[in-house]
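Trainee: Counting from 1427, one number per residue, gives the positions in the sequence shown under my numbering.
Each residue gets a CB set at the ideal place from its N, CA and C atoms; glycine is no exception.
Just so it is clear, the structure is predicted and the values come from calculations on it, not from any experiment.
There's a structure below that I have some questions on.
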Amino acid sequence: MRFAATSDRRFYDRYFFTGHQCSPDLFFMIGVGAYPNLGVIDAFGSVALGSKQYTTRGSRELGTDRMDMSAIGPFHVEVIEGLKRLRIWCEEQPGQAVHFDLEWNASVPAFEEPPILQRVMGRVMEQATRLIQTGTWSGYIVCEGQRVDLDPDTSWGARDRSWGVRSIGLEREPKGIQQAKGAGKARTSLWIWSPMQFADQTIHFSIAEYANGKREIETVRRMAAFPADGSSASEEEYLDGAEHDLRFDPATRELLEDSSISFLEPDGTRRHVRLTPLRRAYLRAGTGYGGPDTWRHGKYMGENWVDSVSYDLTDEQLTAQIGPTHVLCRMDMDDGRVGYGTFETQVYGAYPRYGFDA
């Protein structure tokens, strides 16, 4: 595909993967993004292991074919079977913190989130389409010489593929739009996004809520796992009644134990899921999403650029700068099912229900 549907400089097309071993030992994130109106494609792999988070990232000129996702520095993506199997690998290079060779196998069919559209004074601030899918990992990851092998029976994760227009951190909005944003619609105060993966199903739970309790987004969808005989999976279910009962550290706003979410089954039964945080991966740990690092998604870094950084996760002053976090949780459903997955949550500004006044 040579052309995007818009000439907006902020147009993007991105993969985002997470993975873990259903335990606190390892939590990783991989991203690959193309920015055709900037002429850039970039990628990162970030691994929380032990007391550190290691990140390798690469960037190159996009060229004329944005579907070519090979040789982004050391990173490569190969689609083996559409919407089911992908290979993602990062070649070993001298001085590089992370390298890996992984295969992703989908556990459930991909499903689409509700479309996102936000405008300020008529200008599109964000317009995106995103599909979500859970699956398993096989292969290996190496961090500073320490190798971790991934078994698909215990190495789970999620991925999304999104495209559209959104801020990519390269340039500020014009003054008139900045002023309008400040005086315009308030930002939602609570964000929850979680693909909850169980052996036989995945439940995607998402809420964007204002401080007064009104919601801009409320989504609960259940997708059955692919049958073992290779037949087609059943249709996704749309569920109602999304609720949350969360606990946060008052200083850091990090998710704590004794948190839970709930939703309604089709027969009206309220289903509860208890959340136990196992491990955190910091979204701004050199991955291009902001923070103290100067690299950003879509930033021109030359014809071919590779770099690595690492972060000491015992340094609380540092971790305060590289949040928000993706929290790997054990998820205990009250029907006996045990699952795992990323629970992405953030409280912005005042949210009185959980004790935050500003």
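Per DSSP, which one or two residues make a beta bridge with S1581?
Mentor: According to DSSP, S1581 bridges with nothing at all.
Trainee: Do the CB positions of K1510 and Y1737 come within less than 8 Å of each other?
Mentor: Result no, Cβ atoms of K1510 and Y1737 do not sit closer than 8 Å.
Trainee: Looking only at C-alpha atoms, which of G1762, E1529 and H1630 sits nearest to R1556?
Mentor: Cα-wise, what sits closest to R1556 is H1630.
Trainee: With a threshold of 6 Å on Cβ separation, who are the neighbours of A1784 within its own chain once the five nearest residues in sequence on each side are excluded?
Mentor: Counting only Cβ-Cβ distances below 6 Å, and skipping sequence neighbours, we find A1776.
Trainee: Taking the beta strand (DSSP E) that E1518 belongs to, which residues open and close that run?
Mentor: Here E1518 belongs to no beta strand (DSSP E), and DSSP marks it neither H nor E.
Trainee: Tell me the residue span of the alpha helix (DSSP H) that contains A1746.
Mentor: Here the alpha helix (DSSP H) through A1746 covers E1742 to I1748.
Trainee: Tell me whether the region 1577 to 1587 and the region 1739 to 1758 touch, counting them as touching only if at least three CB pairs, one residue from each stretch, are closer than 8 Å.
Mentor: They do not touch, by the three-pair rule.
Trainee: Please report the distance separating the alpha-carbon of L1739 from that of T1751.
Mentor: The straight-line gap from Cα to Cα measures roughly 12 Å.
Trainee: Tell me the residue span of the beta strand (DSSP E) that contains H1670.
Mentor: Residues E1663 to D1671.
Trainee: Which runs of the beta strand (DSSP E) at least 3 residues long sit entirely within the region 1442 to 1475? Give them in chain order.
Mentor: Taking only runs of at least 3 residues, the beta strand (DSSP E) segments lying wholly in the region 1442 to 1475 are 1452 to 1461 and 1466 to 1475.
Trainee: Compute the distance between the beta-carbons of V1458 and R1440, then report whether it is under 8 Å.
Mentor: Yes, these two residues count as a Cβ contact at 8 Å.
Trainee: Between the alpha carbons of W1721 and A1469, how many angstroms are there, rounded?
Mentor: So the two alpha carbons sit approximately 11 Å from each other.
Trainee: Since R1703 sits in a beta bridge, which residues does DSSP pair it with?
Mentor: According to the sequence provided, residue 1703 is Pro. The question's Arg does not apply to it. Looking at the DSSP assignment, P1703 forms a beta bridge with C1755.
Trainee: For A1584 and Q1623, which I take to be in contact (beta-carbon distance under 8 Å), what is that distance rounded to the nearest angstrom?
Mentor: About 7 Å; that satisfies the 8 Å criterion.
Trainee: Taking the C-alpha atoms as reference points, what is the distance between A1625 and P1500?
Mentor: Between A1625 and P1500, the C-alpha separation is close to 33 Å.
Trainee: Using alpha carbons as the reference points, say which of E1644, P1600 and G1602 lies closest to T1614.
Mentor: It is E1644 whose Cα lies nearest to the Cα of T1614.
Trainee: Any idea which residues DSSP pairs T1482 with across the strands?
Mentor: Paired residues: G1471 and S1734.
Trainee: Could you name each continuous beta strand (DSSP E) segment of 3 residues or more that falls completely within the region 1532 to 1606, going from the start of the chain to the end?
Mentor: You should have 1542 to 1546, 1549 to 1569, 1572 to 1576 and 1582 to 1591.
Trainee: Tell me which residues share the same chain as F1453 and place their Cβ nearer than 6 Å to its Cβ, disregarding the 5 neighbours each side in the sequence.
Mentor: Taken in chain order, the residues that qualify are H1446, A1474, R1705, A1707 and L1754.
Trainee: How should Y1438 be labelled, buried or exposed, when 16 other C-beta atoms within 10 angstroms of its C-beta is the threshold for buried?
Mentor: The residue in question, Y1438, is buried, as its Cβ has 16 or more Cβ neighbours within 10 Å.
Trainee: Buried or exposed: which applies to V1762, given that a residue is buried once 16 or more other Cβ atoms fall within 10 Å of its Cβ?
Mentor: The sequence shown places Gly at residue 1762, not Val. The residue in question, G1762, is exposed, as its Cβ has fewer than 16 Cβ neighbours within 10 Å.
Trainee: Can you tell me whether R1696 is buried or exposed? The criterion is at least 16 other CB atoms within 10 Å of its CB, across all chains shown.
Mentor: R1696 should be labelled exposed.
Trainee: Is the region 1513 to 1523 touching the region 1540 to 1549, taking contact as three or more C-beta pairs under 8 Å?
Mentor: At 8 Å Cβ cutoff, the stretches do not touch.
Trainee: Compare the beta carbon distance of G1724 and L1512 with 8 Å and say whether it is the shorter of the two.
Mentor: No, the Cβ-Cβ distance between G1724 and L1512 is not below 8 Å.
Trainee: Can you name the residues that DSSP bridges to G1765?
Mentor: Looking at the DSSP assignment, G1765 forms a beta bridge with M1757.
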